[in-house]
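Numbering (this note's numbering), first residue to last: 4 to 837.
We put the CB at the ideal spot given by N, CA and C, even for glycine.
Just so we're clear, the structure is a prediction, and the values are computed from it rather than from any experiment.
In structure tokens form, the structure reads like this:
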């Protein structure tokens, strides 16, 4: 015993706290090991990110801190005999570069210094917010804003970045684990499928020059959903059950760890349902995922993911008039509008390390997406007649004065025929497949350390678009034409049937060169693709177009060193970053004809396809980021100059001209505990945005005359958006409290910037609104946690958007009017790990 006591006096201890560098959150399950010792020594961090190593010899030791998805860090620590040394370690993310699933690591390591604006919503932040959908999870990312759409699952997400039209997220490249998930990225990019938030571990957003690594959409930015990888070494899993108001239930289960050290499978199952925020707005979803991670020695690995998704939603385009918004914001009489999703996907990532300096990654992806959506034709009726039991409501013209209501035609008309087109189905099927290979090469350039990434991708997609008409509401079997093809007489085409295909080759090269504190990142992407269209109801008319598009970019990051910010904040590592790159959106008559109001059969010239130019832009930014013991900040100024903008849901069928958007983004996090113990952590994100049409002429919705809109703001581009959040963790109690206040400023909904609304609700600006969220999480044990969240605590009733409206098309069936924002939602989530 005396010898043991004497040894203890000669040894020391190291206690530490491991945090994420991005937001200072504790990082559990990080590995902390002694480097260079006579025998292996190590431990892992607990749920608070803390660790303790004792029995260490006095003197200087090296500790290596590791965690999957973060940059490994080595720290030299001076151990004093019989004393305890305390350290804090912040690990930088290794996944912001969106290089896909890095199972064996990359040749160039992680980019702690990103040459451009980048944000991440990590697992801890997602767990704290407990959002229903991914759109809500992006509220803390500056420069990103969403528009309200029908439904509560956010399957059809509408997100814009830096002033570009957010409808259906069509100018943003959206990926899952580095592989595209949009229905057809080249010919039809609107996001009609979005993975359920329960499967998402992190969300990454890149808006700078690094976007040219990915394509074809490089104009607004990149959103990448990162899912969990099989990591369990022993059988176990997670079960999470979330009931809530509005009939909401989510049941999620994950099981893994029943393989070997080199072969690790994982299975995830999800069921969700809800009644929605309006009448006839319910949904059901079943989602299943199987994953396999396999290591073949130390230099090769394979990751395979298979997913199947089925969704059934009572989704509608029937919005509100000012009368119904004021008197009954939950109003939706359409019980036969039905949207379904059948989607199956495969994604694989194969990594091979050829040497310490060279690594290759091959990705293979494929998916089939079938999306039938049947909707009843809308008409206007006079409110007094519809509400009165003693009056028969009849369809009225859109210019009828007085209070109006938007309802389905079957509510006010009998004996409907195909001429009325009372019920129509947009039955669309997408096939996508592609293979991409990239090489990461560490080398010397002019005597300096450099990382070169070379990549190429082959991509194929097919889009079958069928529009059918039924003469009976609720009967989802329609026809393309009237008449009998067996007769010699003519038939009348009333539907549409077209097939679009794209064959694409993409090549890119990016170089990162470090000259002292300066890191330069030049890059180049080349897109070569052929698009074709066959109109199957017009004699199988064929049209095609080949495009060759060069996309250069240049980014930089300058390490300004360590600055003393005073006693309260301590020392801060500051970096100046910026860049410029060419933005691009492929030309697509399919997107315009379908996302625009007129169906292909009703749009002049649509049979031949539009001769649209591609949208192009020059994107530039300059920013400053820094971090200290008390928190971190990032401030970015940006400017976008866009040529040949195409307007979906506007009154022109051609490229608009030139538009610009510019502004300032900022995000700050202050860890109150580092300033004064009782204080909560403060998160603030704010975006100031200005947009303008530099040159453009459209047909006025007021008088039908040509209208010069130069100087007008872009639609759905609020000047101010902000989110302020407070979080306080009481570690001794296992309790975390949080609240968020989100503000969206007033914005226009059309290119004419019309100020006055109508009794139909399809025109006029969207007023500013504020939404308050709150939550509490209780960690009962390492295995069991309970969370209570309240969205829109005050049940604020506000206009979320006029998302599918056009003031030049006032018909009830062509403009949806007012889409109300999400109402109060309270959820109780119980999670158990086993």
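Length at least 3, wholly inside the region 721 to 752: the beta strand (DSSP E) runs in chain order = 723 to 733 and 738 to 747
For the beta strand (DSSP E) containing residue 326, name the first residue and the last one. For the purposes of this step, residue 326 is taken as the residue at position 323 of the chain shown. Run containing residue 326: none in the beta strand (DSSP E); it sits in the alpha helix (DSSP H), 325 to 330.
Would you list the one or two residues that DSSP bridges to residue 399?
If you number the chain shown from 1, residue 399 lands on position 396. The partner list for residue 399 (beta bridge, DSSP) reads 383.
Are there 16 or more other CB atoms within 10 angstroms of the CB of residue 787, so buried, or fewer, so exposed? Looking up residue 787 in the chain shown gives position 784. Residue 787 comes out exposed.
For this session: Whole angstroms is fine: what's the gap from residue 825's alpha carbon to residue 269's?
Result: Taking the first residue of the chain shown as 1, we reach residue 825 at position 822. Taking the first residue of the chain shown as 1, we reach residue 269 at position 266. Each residue's alpha carbon lies about 34 Å from the other.
Checking 8 Å against the spacing of the C-beta atoms, do residue 37 and residue 64 come in under that value?
Working through the chain shown from its first residue, we reach residue 37 at position 34. Working through the chain shown from its first residue, we reach residue 64 at position 61. Yes, Cβ-Cβ distance for residue 37 and residue 64 is below 8 Å.
- prompt: What do you reckon, are the CB atoms on residue 669 and residue 118 nearer than 8 Å?
  reply: Your numbering for residue 669 matches position 666 in the chain shown. Your numbering for residue 118 matches position 115 in the chain shown. No; because the gap between Cβ atoms is not below 8 Å, this pair is not in contact.
* Among 520, 804, 828 and 294, which residue has its Cα nearest to the Cα of residue 819? -> Along the chain shown, one-based indexing puts residue 819 at 816. The residue with the shortest Cα to Cα distance from residue 819 is 804.
Inset, instruction - Tell me residue 182's beta-bridge partners as DSSP assigns them. - result: On the chain shown, residue 182 is found 179 positions in, with the first residue counted as 1. According to DSSP, which records beta bridges pairwise, residue 182 is partnered with 179.
- Item | Nearest candidate by alpha-carbon position, reference residue 740, set 696, 647 and 792 | Here residue 740 refers to the residue found at position 737 of the chain shown. Minimum Cα distance to residue 740 is reached at 792.
Relative to the alpha-carbon of residue 725, which residue among 713, 737, 748 and 704 has its alpha-carbon at the smallest distance?
Position 722 of the chain shown, counted from the start, is the residue given in the question as residue 725. Closest option to residue 725, Cα to Cα, is 748.
Handout entry: Complete runs of the beta strand (DSSP E) confined to the region 243 to 310 [at least 3 residues]
Key = 252 to 259, 266 to 277 and 286 to 299
Among 813, 674, 714 and 509, which one has its Cα closest to the Cα of residue 707? For this step, residue 707 is matched to residue 704 along the chain shown. For the residues 813, 674, 714 and 509, the minimum Cα distance to residue 707 belongs to 813.
Which runs of the beta strand (DSSP E) at least 3 residues long sit entirely within the region 350 to 381? Give them in chain order. 361 to 379
Q: Measure the CB-CB distance between residue 209 and residue 229 and report whether it falls below 8 Å.
A: Counted from its first residue, the chain shown places residue 209 at position 206. Counted from its first residue, the chain shown places residue 229 at position 226. No, the Cβ-Cβ distance between residue 209 and residue 229 is not below 8 Å.
Are the beta-carbon atoms of residue 765 and residue 809 separated by less than 8 Å? In the chain shown, the residue the question calls residue 765 occupies position 762. In the chain shown, the residue the question calls residue 809 occupies position 806. The answer is yes: Cβ separation under 8 Å.
Query raised in the report: Leaving out the 5 sequence neighbours to the left and right, which residues in its chain are closer than 6 Å to residue 310 when beta-carbon positions are compared?
Result: Locating residue 310 in the chain shown gives position 307, counting from the first residue. Excluding sequence neighbours, residue 310 sits near 292 and 348.
Q) Quick one, which of 458, 543, 473 and 517 has its alpha-carbon nearest residue 511's? A) Taking the chain shown and counting its residues from 1, one reaches residue 511 at position 508. Among 458, 543, 473 and 517, the Cα nearest to that of residue 511 is on 458.
Please classify residue 728 as buried or exposed, where buried requires at least 16 other C-beta atoms within 10 Å of its C-beta.
Reading the chain shown from its first residue, position 725 is the one you call residue 728. Residue 728 is buried by the Cβ-count criterion.
Are there 16 or more other CB atoms within 10 angstroms of the CB of residue 715, so buried, or fewer, so exposed? Against the chain shown, residue 715 aligns to sequence position 712. Per the 10 Å Cβ criterion, buried.
Contact with chain D by residue 94, beta-carbon distance below 8 Å: Here chain D cannot be found, since the structure has a single protein chain.
Burial state of residue 83 (16 or more Cβ within 10 Å) | For the purposes of this step, residue 83 is identified with residue 80 of the chain shown, where counting begins at 1. Per the 10 Å Cβ criterion, exposed.
**Q.** the region 458 to 474 touching the region 434 to 448, judged by at least three CB pairs closer than 8 Å
**A.** yes
_Assigned secondary structure, residue 226 (DSSP; H/G/I helix, E/B strand, else coil)_ = Taking the first residue of the chain shown as 1, we reach residue 226 at position 223. Note: residue 226 maps to strand in three-state DSSP.
Own chain residues within Cβ distance below 6 Å of residue 689, not counting five before or after
For the purposes of this step, residue 689 is identified with residue 686 of the chain shown, where counting begins at 1. For residue 689, where only same-chain residues beyond five positions count, the Cβ hits under 6 Å are 669 and 725.
- Which first and last residues belong to the beta strand (DSSP E) in which residue 411 is found? Residue numbering aside, residue 411 sits at position 408 when the chain shown is read from its first letter. Looking at the DSSP string, the run of the beta strand (DSSP E) that includes residue 411 is 407 to 411.
Buried versus exposed call for residue 394 [16 or more other C-beta atoms within 10 Å across all chains shown]: Residue numbering aside, residue 394 sits at position 391 when the chain shown is read from its first letter. Classification for residue 394: exposed.
If you draw a straight line from the C-alpha of residue 806 to the C-alpha of residue 676, how long is it? Residue numbering aside, residue 806 sits at position 803 when the chain shown is read from its first letter. Residue numbering aside, residue 676 sits at position 673 when the chain shown is read from its first letter. Answer to the nearest angstrom: the Cα atoms are 42 Å apart.
query = Going straight from the alpha carbon of residue 202 to that of residue 186, what length do you get?
reply = In the chain shown, counting from the first residue as 1, residue 202 sits at position 199. In the chain shown, counting from the first residue as 1, residue 186 sits at position 183. Looking at the two C-alpha atoms, the distance is approximately 19 Å.
Practice task
Flag this pair as touching only if the region 437 to 448 and the region 387 to 401 have three or more C-beta atom pairs under 8 Å; answer yes or no.
Solution key: no
#### Entry: Close beta carbons around residue 502, own chain, < 6 Å, minus the five adjacent residues each side
For the purposes of this step, residue 502 is identified with residue 499 of the chain shown, where counting begins at 1. The answer, listed in chain order, is 467 and 537.
Do residue 1 and residue 314 have their CB atoms nearer than 8 Å? Here the chain has residues from 4 to 837 only, and residue 1 is not among them.
message: Applying the 10 Å Cβ sphere with the 16-neighbour rule, what's the burial state of residue 3?
response: It is not possible to answer for residue 3, since the shown part of the chain is limited to 4 through 837.
_Could you compute how far the alpha carbon of residue 271 sits from the alpha carbon of residue 255?_
As a position in the chain shown, residue 271 is number 268, starting the count at 1. As a position in the chain shown, residue 255 is number 252, starting the count at 1. In a straight line, the C-alpha of residue 271 is about 7 Å away from that of residue 255.
**Request:** Please go through the same chain and pick out, in chain order, the residues whose beta-carbon is closer than 6 Å to the beta-carbon of residue 253, but skip the five residues on each side of it.
**Result:** As a first step, residue 253 must be located in the chain shown, where it is residue number 250. Cβ neighbours of residue 253 beyond the five flanking positions: 245 and 275.
| query | Which first and last residues belong to the beta strand (DSSP E) in which residue 779 is found? | reply | Along the chain shown, read from residue 1 onward, the residue named residue 779 stands at position 776. First-last of the beta strand (DSSP E) with residue 779: 772 to 782.
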